[in-house]
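J.: Protein chains in written order, with my numbering: chain V, 1 to 161; chain G, 1001 to 1073. Following this message is one structure expressed as structure tokens.
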Amino acid sequence: MKTFKESTKTRLNPEASEIVFSIDLKIYLKDIVLKACYAIIDRVYIFLDSPFRGKVDVYLKTKRKVTPKQLENVRDEFLNGLVNASIRKAVSRKNQKMVERIVGGAINAALAKPQPHPRSCGDDEDIEKIEREIEALKKELEDSGESAYGKDPLGIRKPAA
Amino acid sequence: MVRINFSQNVYAKETIQSAIKEFKDLRMRSILSRGRYYQVEMTHEDQVENRDHIVSEFKNYVLYLNIIHAANR
């Protein structure tokens, strides 16, 4: 069985603070490799080479002098980044339909015309109260009769000319 | 003079051209196709002591542009 170092074909160059290893593009696609590069590109100099189709050689060079162990740690971090990017891609592909539906629903809801509000219970009670008051006023008017209106107790009514 | 080879399987020509424009002060000469590689020549002799550092920075910048280019495609 191949060791980890053999399977990745790791070559260490401690003088140049550089580690080189190979990646099989049948396992990790090119876009996955680029995403893993993006995660560490601010800390490490990265160069990719592809002498043969289906293989990528990754050159990682630290920006300051480090020990061989630290170089291997950088490589391990990169390899973990590959797995991380692969999982993210698989999950986003799996959830893509659901995300599209949720976003589509949210956009539709935002664009829909506002519906008139249905009457609430409080409104009904208010209307009934107003109607009752109107009825009471009508009854009061009827009770007082038109004669009360025509009495003119202060004598201010003027006859029409 | 330093020649830097970029694999055509990995790097897009446009990204290398954009990086050359950014590094024009360092006399990066425009690219040539050499088999399965794009070749860039750097002819800035004043910076020999920093040459490795500049080359590494250039390669990193090309890769960075390549990542952005691939993400937007």
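Just so you know, even glycine gets a beta-carbon here, dropped at the ideal spot from N, CA and C.
Just checking: is the beta-carbon of L1026(G) within a distance shorter than 7 Å of some beta-carbon in chain V?
T.: Residue 1026(G) sits at position 26 when you count from the first residue of the second sequence. For L1026(G), the answer is no, since every Cβ of chain V falls outside 7 Å of its Cβ.
J.: Taking L34(V) as the query, report the chain G residues whose CB atoms sit under 9 Å from its CB, ordered along the chain.
T.: Position 34 of the first sequence, counted from the first residue, corresponds to residue 34(V). Chain G residues near L34(V): V1010, L1063, N1066, I1067, A1070 and A1071.
J.: Give the single residue among K55(V), Y59(V) and A109(V) whose Cα lies nearest to the Cα of E18(V).
T.: Residue numbering aside, residue 18(V) sits at position 18 when the first sequence is read from its first letter. Selected option, being the one with the closest Cα: Y59(V).
J.: Of all the CB atoms in chain V, is at least one closer than 7 Å to the CB of N1050(G)?
T.: In the second sequence, the residue the question calls residue 1050(G) occupies position 50. Output row for N1050(G): interface = no.
J.: List, in order along the chain, the chain V residues whose C-beta lies closer than 8 Å to that of K1059(G)?
T.: Within the second sequence, residue 1059(G) is the residue found at index 59, counting from 1. Y45, I46 and F47, listed in chain order.
J.: With a threshold of 7 Å between beta carbons, is S1033(G) in contact with chain V?
T.: Residue numbering aside, residue 1033(G) sits at position 33 when the second sequence is read from its first letter. Not one chain V Cβ lies under 7 Å of S1033(G).
J.: Does the beta carbon of S1030(G) sit closer than 7 Å to a beta carbon anywhere in chain V?
T.: Residue numbering aside, residue 1030(G) sits at position 30 when the second sequence is read from its first letter. Cβ-Cβ to chain V under 7 Å: no for S1030(G).
J.: Quick one: is R1042(G) buried, meaning 16 or more other Cβ sit within 10 Å of its Cβ, or exposed?
T.: Looking up residue 1042(G) in the second sequence gives position 42. The sequence given here places Met at residue 1042(G); Arg does not occur at that position. Result: buried.
J.: State the start and end residues of the unbroken alpha helix (DSSP H) segment that holds V91(V).
T.: Taking the first sequence and counting its residues from 1, one reaches residue 91(V) at position 91. Unbroken alpha helix (DSSP H) run through V91(V): P68 to L111.
J.: Can you name, in chain order, every residue of its own chain whose Cβ lies under 6 Å from the Cβ of H1069(G), other than the five neighbours on each side?
T.: Indexing the second sequence from 1 puts residue 1069(G) at position 69. Contacts found: A1012 and T1015.
J.: Who are the Cβ neighbours of R1003(G) in its own chain at under 6 Å, not counting the five residues just before and after it?
T.: Indexing the second sequence from 1 puts residue 1003(G) at position 3. Closer than 6 Å at the Cβ level, and outside the excluded window around R1003(G), lie Q1039 and E1041.
J.: What residues are listed by DSSP as bridge partners for M1042(G)?
T.: The sequence position of residue 1042(G) within the second sequence is 42, counting from 1. Partner(s): V1002(G) and M1028(G).
J.: By DSSP's criteria, Y59(V) is part of a beta bridge. Which residues make up the other side?
T.: Here residue 59(V) refers to the residue found at position 59 when the first sequence is read from its first residue. Per DSSP, the beta bridge partners of Y59(V) are V20(V) and F47(V).
J.: Using a cut-off of 7 Å between C-beta atoms, extract the partners of S1056(G) located in chain V.
T.: Along the second sequence, read from residue 1 onward, the residue named residue 1056(G) stands at position 56. Ordered by position in chain V, the residues that pass the 7 Å Cβ test against S1056(G) are Y45 and K61.
J.: Roughly how many angstroms separate the alpha carbons of V74(V) and A106(V), rounded to a whole number?
T.: Locating residue 74(V) in the first sequence gives position 74, counting from the first residue. Locating residue 106(V) in the first sequence gives position 106, counting from the first residue. In this structure, the alpha-carbon of V74(V) lies about 42 Å from that of A106(V).
J.: Please look up how many angstroms separate the CB atoms of S22(V) and V1010(G), rounded, as I've assumed it's under 8 Å.
T.: The residue you call residue 22(V) lines up with position 22 of the first sequence. The residue you call residue 1010(G) lines up with position 10 of the second sequence. Rounded, the Cβ-Cβ distance is 13 Å, inconsistent with contact.
J.: With three or more C-beta pairs closer than 8 Å as the rule, is the region 1057-1064 of chain G touching the region 36-53 of chain V?
T.: Short answer: they touch.
J.: Could you name the residues of chain G that D31(V) contacts, counting a contact when the two beta carbons are closer than 7 Å?
T.: Position 31 of the first sequence, counted from the start, is the residue given in the question as residue 31(V). Result: A1070.
J.: So which residues of chain G does R53(V) contact, with C-beta pairs closer than 8 Å?
T.: Indexing the first sequence from 1 puts residue 53(V) at position 53. Here the neighbours are N1009.
J.: Check the DSSP bridge columns for S1007(G) and list the partner residues they point to.
T.: In the second sequence, the residue the question calls residue 1007(G) occupies position 7. Looking at the DSSP assignment, S1007(G) forms a beta bridge with Y1037(G).
J.: Out of L25(V), R157(V) and I32(V), state which residue places its alpha-carbon closest to the alpha-carbon of I87(V).
T.: Taking the first sequence and counting its residues from 1, the one referred to as residue 87(V) is at position 87. Cα-wise, what sits closest to I87(V) is I32(V).
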